[in-house]
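Visitor: In order, the protein sequence lines correspond to chains A and B. FYI, the UniProt record's numbering numbers position 102 of the first sequence as 102, with every residue one higher than the one before it. FYI, the UniProt record's numbering numbers position 81 of the second sequence as 81, with every residue one higher than the one before it.
Protein chains: 2
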Amino acid sequence: MTQTPTKPAHHHGDLRNALIKAGISLLDEGGIAALTLRKCAARAGVSHAAPAHHFDGLAGLKSAVAQEAFRLFSRHMMDAANAEGPSPRDRLRGICRGYVQFGLTHRALLETMFGLDAESLLRERIDPGDSDAYQILRDTCAPFVPPDTQKEVIEFQVWSLVHGYTMLFVSGRLGCLHPKNLGDGPFDQVMALLDRIGDTSSS
Amino acid sequence: MTQTPTKPAHHHGDLRNALIKAGISLLDEGGIAALTLRKCAARAGVSHAAPAHHFDGLAGLKSAVAQEAFRLFSRHMMDAANAEGPSPRDRLRGICRGYVQFGLTHRALLETMFGLDAESLLRERIDPGDSDAYQILRDTCAPFVPPDTQKEVIEFQVWSLVHGYTMLFVSGRLGCLHPKNLGDGPFDQVMALLDRIGDTSSS
DNA sequence: GCTTGCAACTTTACAGTGTCAAGTTCGATG
DNA sequence: CATCGAACTTGACACTGTAAAGTTGCAAGC
Chain A
1 MTQTPTKPAH
11 HHGDLRNALI
21 KAGISLLDEG
31 GIAALTLRKC
41 AARAGVSHAA
51 PAHHFDGLAG
61 LKSAVAQEAF
71 RLFSRHMMDA
81 ANAEGPSPRD
91 RLRGICRGYV
101 QFGLTHRALL
111 ETMFGLDAES
121 LLRERIDPGD
131 SDAYQILRDT
141 CAPFVPPDTQ
151 KEVIEFQVWS
161 LVHGYTMLFV
171 SGRLGCLHPK
181 NLGDGPFDQV
191 MALLDRIGDT
201 SSS
Chain B
1 MTQTPTKPAH
11 HHGDLRNALI
21 KAGISLLDEG
31 GIAALTLRKC
41 AARAGVSHAA
51 PAHHFDGLAG
61 LKSAVAQEAF
71 RLFSRHMMDA
81 ANAEGPSPRD
91 RLRGICRGYV
101 QFGLTHRALL
111 ETMFGLDAES
121 LLRERIDPGD
131 SDAYQILRDT
141 CAPFVPPDTQ
151 KEVIEFQVWS
161 LVHGYTMLFV
171 SGRLGCLHPK
181 NLGDGPFDQV
191 MALLDRIGDT
201 SSS
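Here you go:
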């Protein structure tokens, strides 16, 4: 045993990562309002001012949490793509499914990720276009690009569509559209449009 | 003159609307973090606890502000549609343009509108699908719907696409896509896909 | 081994926030 | 003119981010 167990330990060892991990838990459990410097500190077992030595205030913590969330997000979509099948079309469907699924499971995380302002993105050097997630999208979209079209056009159209659908769906905003009347499921609807994009060259 | 001008007036007359108006200004000026009960109260010239008699806490104020924002949003898109031209295709383009434009001008407003949770939507009876904005989208989309497709499918695909594009664009998230390399402008890209949707039946 | 320095963390303090309870004012209603 | 209640104020409390100053303990140099 240590000599005086009541005395506070002044060296955590891996506080930065512990705080980020605590932040993600808090977001998942209590929504966007639960992400608090003091709560993160408490959950990591340190005093309330300790995070200031690892992040630039609350904004800094949010950025770091978003950075880690993008990593989780990317891995989630990668798994979803791999689980779906080997063909590009199936992988693309998997990505769409993973996108929406991640949003439903971690909606506060998604809000933190895409709620960052441009400055925070720059400061933390977060560039979704350089992420694994977007690389998957890029690779999987490639076969769908018609020959007379810039591939970036398809990529950002697909991204916008899936992102918009996810955002609207996650926040319950598509209730007025009665998704249950729209076919076999939300993913088929997204895929229908993706197919339509790809069919431009074959018609 | 009144007898004692220093005495506080205990009846504002139209405090609820004044608070909502103050909230919208605060959002436009200082972003989402600037929307505060106390600041709204100060701007309306009342004490810090006065808003509690008109809204159910901060969440209630946010809902009311969002409700008004949806009204502004709807009118903005209506104007944009009318300014573009008489044909459905032009009107649809106008709506897309108005959507993005509103997002760029009032990004904090958009964040408040679409950041509401489902409970708040229900409590304030906010249903985007019943709004003028969505009615415009619905009417303007109608001519683009292929004969073998449910119209709701096209409507929600268009909405998802435009909403997603707006969200990504407004938060600077499309920077990695170098929009300047993508053609004549962002609106043309959205319209390209919209045209592609409509062309399904004609090919 | 001992000292020195410094990074990590704590403690204390302060302004701003939402929210509740109790008091005050004022207009309408009898 | 009295009264009653709605609209608003005042005061208080817990919680938040943030800054300043103090404390601890590891590690490098002698």
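Ideal placement from N, C-alpha and C gives every residue a C-beta, glycine not left out. Remember, predicted model here, so these are calculated numbers, not experimental data.
#1: Taking the alpha carbon of residue 103 of chain A as the reference point, which residue from A:168, A:19, A:153, A:36 has its own alpha carbon closest?
#2: Note down, in chain order, every chain B residue with its Cβ under 9 Å from the Cβ of residue 10 of chain A.
#3: Can you tell me whether residue 127 of chain B is helix, strand or coil according to DSSP?
#4: Just tell me which of B:99, B:127, B:100 has its CA closest to the CA of residue 63 of chain B.
#5: Starting from residue 140 of chain A, trace the alpha helix (DSSP H) both ways and give me its first and last residue.
#6: Within 8 Å of any Cβ in chain A, is that where the Cβ of residue 163 of chain B sits?
#7: Please classify residue 13 of chain A: does DSSP put it in a helix, a strand, or coil?
#8: Under 8 Å, CB to CB, which of the residues in the stretch 101 to 132 of chain B have a partner in chain A?
#9: If contact is defined by three or more beta carbon pairs under 8 Å, each pair taking one atom from either stretch, is the stretch 72 to 92 of chain B in contact with the stretch 32 to 40 of chain B?
#10: Using the Cβ count rule (16 or more neighbours within 10 Å means buried), how would you classify residue 47 of chain A?
#11: With residue 53 of chain A as the anchor, note down where its alpha helix (DSSP H) starts and where it stops.
#12: Could you give the residue range of the alpha helix (DSSP H) that holds residue 154 of chain A?
#13: Nearest to residue 116 of chain B by alpha carbon, out of B:67, B:16, B:159, B:146?
#14: Along the chain, where does the alpha helix (DSSP H) containing residue 36 of chain B start, and where does it finish?
#15: Distance, Cα to Cα, residue 15 of chain B vs residue 144 of chain B?
#16: Give the interface partners of residue 171 of chain A over in chain B, defined as CB-CB distance under 9 Å, in chain order.
#17: Would you call the stretch 147 to 163 of chain B and the stretch 87 to 102 of chain A in contact, with 3 or more CB pairs under 8 Å?
#18: Please determine, among A:90, A:23, A:142, the residue with the shortest C-alpha to C-alpha distance to residue 58 of chain A.
#19: Could you pull out every residue in the same chain whose Cβ sits closer than 6 Å to the Cβ of residue 69 of chain A, ignoring the five residues on either side in sequence?
#20: Using a Cβ-Cβ cut-off of 8 Å, state whether residue 167 of chain B counts as contacting chain A.
#21: Does the separation of the CB atoms of residue 165 of chain A and residue 160 of chain B fall below 8 Å?
#22: Please classify residue 182 of chain A: is it buried, with 16 or more other beta-carbons within 10 angstroms of its beta-carbon, or exposed?
#23: Taking residue 138 of chain B as the reference, give the member of B:153, B:125, B:124 with the closest Cα.
#24: Can you look up residue 91 of chain B in the DSSP assignment and give me helix, strand or coil?
#25: Taking a Cβ distance cut-off of 8 Å, strictly less, list which residues of the stretch 60 to 75 of chain A are near chain B, in chain order.
#26: Is it the case that the Cβ atoms of residue 278 of chain A and residue 12 of chain A are separated by a distance below 8 Å?
#27: Measure from the alpha carbon of residue 132 of chain B to the alpha carbon of each residue in B:45, B:71, B:50, B:65, then state which is nearest.
#28: Considering only their Cβ atoms, is the gap separating residue 124 of chain B from residue 32 of chain B smaller than 8 Å?
#29: Is the separation between the beta-carbon of residue 98 of chain B and that of residue 76 of chain B shorter than 8 Å?
#30: Considering Cα atoms alone, identify which of B:106, B:54, B:55 is closest to residue 29 of chain B.
#31: Pull up the distance between the alpha-carbon of residue 122 of chain B and that of residue 173 of chain A, whole angstroms please.
Guide: Checking against the coordinates, here is how it stands:
#1: Within the first sequence, numbered from 1, the residue matching residue 103 of chain A stands at position 103. Checking every option, the nearest Cα to that of residue 103 of chain A belongs to A:168.
#2: Translated into positions along the first sequence, residue 10 of chain A becomes position 10. Residues of chain B passing the Cβ test: none, with the nearest at roughly 33 Å.
#3: Numbered from 1 along the second sequence, position 127 holds the residue referred to as residue 127 of chain B. DSSP places residue 127 of chain B in coil when its eight states are reduced to three.
#4: On the second sequence, position 63 is the one that residue 63 of chain B refers to. With distances taken between Cα atoms, residue 63 of chain B lies closest to B:127.
#5: As a working mapping, residue 140 of chain A is identified with position 140 in the first sequence. That run of the alpha helix (DSSP H) goes 132 to 141.
#6: Here residue 163 of chain B corresponds to residue number 163 of the second sequence, with the count starting at 1. Interface residue, yes.
#7: As a first step, residue 13 of chain A must be located in the first sequence, where it is residue number 13. DSSP places residue 13 of chain A in coil when its eight states are reduced to three.
#8: Under the 8 Å Cβ criterion, the stretch 101 to 132 of chain B contributes 111, 114, 115, 116, 117, 118, 121, 127, 128, 129, 130.
#9: Look at the beta carbons and you see the stretch 32 to 40 of chain B not touching the stretch 72 to 92 of chain B: under three pairs across the two are nearer than 8 Å.
#10: Your numbering for residue 47 of chain A matches position 47 in the first sequence. Taking all protein chains in view, the Cβ of residue 47 of chain A is surrounded by fewer than 16 other Cβ atoms within 10 Å, so the residue is classified as exposed.
#11: Indexing the first sequence from 1 puts residue 53 of chain A at position 53. Annotation: residue 53 of chain A is outside any alpha helix (DSSP H) and is labelled neither H nor E by DSSP.
#12: Translated into the one-based positions of the first sequence, residue 154 of chain A becomes position 154. 151 to 170 is the span of the alpha helix (DSSP H), which, as asked, contains residue 154 of chain A.
#13: If you number the second sequence from 1, residue 116 of chain B lands on position 116. Shortest Cα-Cα distance from residue 116 of chain B to any of B:67, B:16, B:159, B:146 involves B:67.
#14: Your numbering for residue 36 of chain B matches position 36 in the second sequence. Per DSSP, residue 36 of chain B belongs to no alpha helix (DSSP H) and is neither H nor E.
#15: In the second sequence, counting from the first residue as 1, residue 15 of chain B sits at position 15. In the second sequence, counting from the first residue as 1, residue 144 of chain B sits at position 144. One alpha carbon belongs to residue 15 of chain B, the other to residue 144 of chain B, and they sit about 45 Å apart.
#16: One-based indexing of the first sequence puts residue 171 of chain A at position 171. Residues of chain B passing the Cβ test: 114, 115, 116, 117, 118, 121.
#17: Judged by Cβ distances under 8 Å, the stretch 147 to 163 of chain B makes no contact with the stretch 87 to 102 of chain A, as fewer than three pairs qualify.
#18: Along the first sequence, one-based indexing puts residue 58 of chain A at 58. Distance check between residue 58 of chain A and each of A:90, A:23, A:142 places A:23 closest, using alpha-carbon atoms only.
#19: Within the first sequence, the letter at position 69 stands for residue 69 of chain A. Once the five neighbours on either side are set aside, the close Cβ partners of residue 69 of chain A are 109, 113.
#20: As a working mapping, residue 167 of chain B is identified with position 167 in the second sequence. By this cut-off, residue 167 of chain B is an interface position.
#21: The residue given as residue 165 of chain A occupies position 165 in the first sequence. The residue given as residue 160 of chain B occupies position 160 in the second sequence. Result yes, Cβ atoms of residue 165 of chain A and residue 160 of chain B sit closer than 8 Å.
#22: Translated into the one-based positions of the first sequence, residue 182 of chain A becomes position 182. Legend: pLDDT at residue 182 of chain A = 49, less than 50; position of this residue unreliable, value from coordinates given subsequently. Flag for residue 182 of chain A reads buried.
#23: The residue labelled residue 138 of chain B in the question sits at position 138 within the second sequence. It is B:153 whose Cα lies nearest to the Cα of residue 138 of chain B.
#24: Start at 1 with the first residue of the second sequence, and residue 91 of chain B comes out as number 91. Correct three-state label for residue 91 of chain B: helix.
#25: Cβ contacts with chain B: none found.
#26: In this structure chain A extends from 1 to 203, so residue 278 of chain A is not present and cannot be described.
#27: As a position in the second sequence, residue 132 of chain B is number 132, starting the count at 1. Looking at the Cα atoms, B:71 is the closest of the given residues.
#28: For this step, residue 32 of chain B is matched to residue 32 along the second sequence. For this step, residue 124 of chain B is matched to residue 124 along the second sequence. The answer is no: Cβ separation not under 8 Å.
#29: Taking the second sequence and counting its residues from 1, one reaches residue 98 of chain B at position 98. Taking the second sequence and counting its residues from 1, one reaches residue 76 of chain B at position 76. Contact flag set, yes.
#30: As a working mapping, residue 29 of chain B is identified with position 29 in the second sequence. Looking from the CA of residue 29 of chain B, the closest CA among B:106, B:54, B:55 belongs to B:106.
#31: The residue given as residue 122 of chain B occupies position 122 in the second sequence. The residue given as residue 173 of chain A occupies position 173 in the first sequence. Roughly 11 Å separates the two Cα atoms.
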